[in-house]
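Enquirer: Note that the working numbering gives residue 550 to position 207 of the sequence shown, counting from 1, and the numbers run on in steps of one. Every residue, glycine too, gets a C-beta built ideally from N, C-alpha and C. So that we are looking at the same thing, I have put the structure below in structure tokens.
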Amino acid sequence: MTRNRRRNLAGRRLLPNRLRRHPVASLLAVGVVLLITVERLGWVALPRPTGNDYERYDGVVALVTRVIDGDTLDIALPDADKSTTRVRLWGVDTPEVAGPFTEQMYFGPEASAFAHNMLQDREARIELSRIDTRDRYGRLLAYVYRADTGEMLNEALLRSGHAYADPRFDHEHKSEFARLEREARGNKVGLWAEVTPEQYPRWKRRDKAR
Numbered sequence: 344m345t346r347n348r349r350r351n352l353a354g355r356r357l358l359p360n361r362l363r364r365h366p367v368a369s370l371l372a373v374g375v376v377l378l379i380t381v382e383r384l385g386w387v388a389l390p391r392p393t394g395n396d397y398e399r400y401d402g403v404v405a406l407v408t409r410v411i412d413g414d415t416l417d418i419a420l421p422d423a424d425k426s427t428t429r430v431r432l433w434g435v436d437t438p439e440v441a442g443p444f445t446e447q448m449y450f451g452p453e454a455s456a457f458a459h460n461m462l463q464d465r466e467a468r469i470e471l472s473r474i475d476t477r478d479r480y481g482r483l484l485a486y487v488y489r490a491d492t493g494e495m496l497n498e499a500l501l502r503s504g505h506a507y508a509d510p511r512f513d514h515e516h517k518s519e520f521a522r523l524e525r526e527a528r529g530n531k532v533g534l535w536a537e538v539t540p541e542q543y544p545r546w547k548r549r550d551k552a553r
């Protein structure tokens, strides 16, 4: 048996029977695998999904690939020329962690750890607001639910005292979020056990000064 014939036979054994009988289907299958491989290696860029934010994200379940801090995370869905989409939790504000452009705030690491423990490398369901879908930095504004339990991260952060209810923008859960903050503050859970007004976010300090 010639060397070329042996190669052909070996290649045919790697394909399912139904693809061996259909050479065109075989070529298409191999082509798809090659395209996915080179795209993952960064050699070429495959076309990105189109459509508005509601069509692409609302109600979708996606893997959380990275928790940035308490109120910001990345999900495994492409966004324009990026391989992931950055999501900003709608209606809440957690203390900052130290970064290139931010100073660490009181209870920032604790809020980040809480979100990380709840959703890092887990699947989350994304729900968009009917009012806005993006902030000024292009981040997707969303309510984020842990897919396996149905618990909303936005509410969990407020209930446990790891976030402030942000009243600066209207949204569907604004009244409920304010109530959860009042309860956490009254029960002195999380940051509310020892936080001082000087440790509030700047927007909350301004709000209190009015």
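Assess contact between the stretch 483-495 and the stretch 454-470, defined as three or more Cβ pairs (one per stretch) separated by less than 8 Å. Is contact present?
Expert: yes
Enquirer: Does Glu541 get closer than 8 Å to chain D when you measure Cβ to Cβ?
Expert: In the displayed structure, chain D is absent; only one protein chain is listed.
Enquirer: With distances taken Cα to Cα, identify the nearest neighbour of Gly504 among Leu484, Glu439, Val403 and Ala454.
Expert: Ala454
Enquirer: Where DSSP assigns a beta bridge to Glu466, which residues make up the other side?
Expert: Leu406
Enquirer: Determine the direct distance from the alpha carbon of Lys517 to that of Thr539, and round the result to whole angstroms.
Expert: 24 Å
Enquirer: Within its chain, find whatever has a CB closer than 6 Å to the CB of Ala545; leave out the 5 residues flanking it on each side and keep chain order.
Expert: In the sequence on display, residue 545 carries Arg and not Ala. Residues of the same chain with their beta carbon placed closer than 6 Å to that of Arg545 are lacking, with the five preceding and five following residues left out of the count.
Enquirer: Tell me the residue span of the beta strand (DSSP E) that contains Arg477.
Expert: Where Arg477 is concerned, there is no enclosing beta strand (DSSP E), given that its DSSP letter is neither H nor E.
Enquirer: Given this structure, state the Cα-to-Cα distance separating Arg525 from Lys551, to the nearest angstrom.
Expert: So the two alpha carbons sit approximately 15 Å from each other.
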